[in-house]
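At position 103 of the first sequence the residue is numbered 103 (the numbering used here), and the sequence of numbers has no breaks.
Here is the structure we will look at.
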Amino acid sequence: MLALFYRLLRHFGPQRWWPADTPFEVMVGAILTQNTSWMNVERAIGLLKGAKALSPHKIDAMDIGTLEGLIRPAGFFRVKAARLKAFVRYMMEAYLGNVDAMAARPGWELREELMAVPGIGEETADSILLYALDKPFFVVDAYTKRILERNGLIRGGESYGEIQRFFMDSLPGDVGLFKEYHALLVALGKTYCRARRPLCDSCPLRFEDG
DNA sequence: TGCCAGGCCGGGT
DNA sequence: ACCCGGCATGGC
Numbered sequence: 001m002l003a004l005f006y007r008l009l010r011h012f013g014p015q016r017w018w019p020a021d022t023p024f025e026v027m028v029g030a031i032l033t034q035n036t037s038w039m040n041v042e043r044a045i046g047l048l049k050g051a052k053a054l055s056p057h058k059i060d061a062m063d064i065g066t067l068e069g070l071i072r073p074a075g076f077f078r079v080k081a082a083r084l085k086a087f088v089r090y091m092m093e094a095y096l097g098n099v100d101a102m103a104a105r106p107g108w109e110l111r112e113e114l115m116a117v118p119g120i121g122e123e124t125a126d127s128i129l130l131y132a133l134d135k136p137f138f139v140v141d142a143y144t145k146r147i148l149e150r151n152g153l154i155r156g157g158e159s160y161g162e163i164q165r166f167f168m169d170s171l172p173g174d175v176g177l178f179k180e181y182h183a184l185l186v187a188l189g190k191t192y193c194r195a196r197r198p199l200c201d202s203c204p205l206r207f208e209d210g
């Protein structure tokens, strides 16, 4: 799988994910981007910034209706407002809203905690662990599954954990590598591997050739 | 105009 | 243990 990584890197160049100014912004983005295009998430985050509301304490104290209004462009705004509320509540209770205190804990324990927060599943948890807290967990998203499936590397029925192990067992456990690899898979997916659309013939990165 | 986007949950088999 | 409908906005 390392060979594929270097091919992707040569083709698309370094992605330098996650696009955010702070770890907390990564966490908020991870929740807002659930089944949602990143462009819409950017708008919502822009509105949160404009309202000077991008902190655990502010979101915790904010009226939920106000929060819904700010994140509206990200879609599913009622569920996501509730999810953000539940997440910052957890952050306040467990870490007084302090990201550094959070990052000091072992990754696997954090993953358990995150998964226990309503609205945070495996991908969102791993995105937070990897991109906000620099913990070595490989992120598996819809693009990753689709790309592997269309290239015959998996059958299609595999669970999240199986696909994650597929990567983590065959790669050095390096945070920088995991970040860049997932970002590159998304870059490939956005360009050549959209849902319910045949694999683009012009895709320069079919795995079986080269 | 319909389809799609960096999921997750709850209820039903 | 899966499978499905619901959740909502904005670009192409």
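All C-beta atoms, glycine included, are put in the ideal place defined by N, C-alpha and C.
None of these values were measured; they are calculated from a predicted model.
Contact belief for residue i with residue j at Cβ below 8 Å, rounded distance in angstroms
i	j	result
residue 140	residue 164	5 Å
residue 94	residue 113	7 Å
residue 2	residue 205	So it is not a contact: roughly 15 Å between Cβ atoms.
residue 84	residue 110	The Cβ separation is near 18 Å, so there is no contact.
Burial state of residue i (16 or more Cβ within 10 Å)
i	result
residue 132	buried
residue 102	buried
residue 11	exposed
residue 106	exposed
residue 32	buried
residue 120	buried
residue 210	Unreliable positioning characterises residue 210 in this predicted model, as indicated by a pLDDT of 37, which lies under 50. The coordinate reading is nonetheless provided below. Under this definition residue 210 is an exposed residue.
Cβ pair residue i, residue j closer than 7 Å
i	j	result
residue 70	residue 82	no
residue 178	residue 118	no
residue 189	residue 143	yes
residue 60	residue 27	no
residue 29	residue 20	yes
residue 213	residue 36	The displayed coordinates of the chain run from 1 to 210. Any statement about residue 213 would go beyond what the structure contains.
residue 181	residue 5	yes
residue 44	residue 73	yes
residue 146	residue 193	yes
residue 8	residue 184	yes
residue 149	residue 157	no
residue 56	residue 79	no
residue 99	residue 166	no
residue 168	residue 138	yes
Residue i in three-state terms, based on DSSP
i	result
residue 109	helix
residue 172	coil
residue 209	Residue placement at residue 209 cannot be trusted, given a pLDDT of 44 that sits under 50; what the coordinates show is reported in the next sentence. It is coil, neither helix nor strand.
residue 16	coil
residue 76	coil
residue 50	helix
residue 158	coil
residue 62	coil
residue 153	coil
residue 164	helix
residue 21	coil
residue 191	helix
residue 104	coil
residue 198	coil
residue 96	coil
residue 27	helix
Whole beta strand (DSSP E) elements within the stretch 114 to 154, 3-residue minimum:
none
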